[in-house]
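Please read the structure below before turning to the comments.
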């Protein structure tokens, strides 16, 4: 899995990735429901701040969003597995 810097995507593509993720994954915003536009802005802000990363998995050819912690955990697990295979 590789990280795709958000600045490498056009505004339209970035918006489509965010919207597709929100619609696919669903989100929990507590008691008060948020509009799709509000959710998109919130996720865009998280990407801009570096809390959420855009990732691409070449094996499945899928793009998704992961928190920085999820991505780091994935990389650490991958490195651990590679070392145990030696």
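In the numbering used here, the protein residues as written are 562 to 647. Just so you know, even glycine gets a beta-carbon here, dropped at the ideal spot from N, CA and C. The model shown is predicted, which means the values in this text are computed figures rather than measured ones.
The stretch 594 to 609 makes no contact with the stretch 637 to 644: fewer than 3 CB pairs, one atom from each, lie closer than 8 Å. In the three-state reduction of the DSSP assignment, residue 570 falls in the coil class, being assigned neither a helical nor a strand state. Counting the other CB atoms within 10 Å of its CB gives residue 584 a total below 16, which places it among the exposed residues.
Beta-bridge partners assigned by DSSP to residue 623: 618. Short of 7 Å from the beta carbon of residue 618, and not among the five residues preceding or following it, lie these beta carbons of its own chain, in chain order: 562. Each residue's CA atom was taken as its position, placing residue 567 and residue 642 some 29 Å apart. Boundaries of the alpha helix (DSSP H) harbouring residue 598: 597 to 610, taken from the DSSP string.
The beta carbons of residue 626 and residue 604 sit about 7 Å from each other, so the pair counts as a contact at 8 Å. For residue 623 and residue 564, the gap between their C-alpha atoms comes out near 12 Å.
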